[in-house]
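Using the working numbering, the first residue of the sequence shown is number 800, and each one after it goes up by one.
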Amino acid sequence: MVAPVAENPQLLAGLRVLLAEDNEALRVNLAGYLRRLGYTVLEAGDGPAALALWEREPARIDLLLTDMVMPG
Numbered sequence: 800m801v802a803p804v805a806e807n808p809q810l811l812a813g814l815r816v817l818l819a820e821d822n823e824a825l826r827v828n829l830a831g832y833l834r835r836l837g838y839t840v841l842e843a844g845d846g847p848a849a850l851a852l853w854e855r856e857p858a859r860i861d862l863l864l865t866d867m868v869m870p871g
């Protein structure tokens, strides 16, 4: 039996997360936390930067984590 993800976060280690957040302090802290869990994190401070990262590597992004309301 496989352990649930909550009990074994290493199951998701290595996945690539595109983190789009305009609050720099929140983005830096969240990115650091995700990296400690083993994720590869691409950071964007606004919508256009997130779209540019997505267009550059769409097949290599496993999860988009975004603020609901951002400038741009």
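Just so it is clear, CB atoms sit at the ideal spot from N, CA and C, and this is done for glycine as well.
- Secondary structure of E842 (DSSP, three-state): strand.
- With 16 or more other CB atoms across the displayed protein chains lying within 10 angstroms of its CB, L852 is buried.
- Rounded to whole angstroms, the separation of the alpha carbons of E820 and D845 is 6 Å.
- In the three-state reduction of the DSSP assignment, V827 falls in the helix class.
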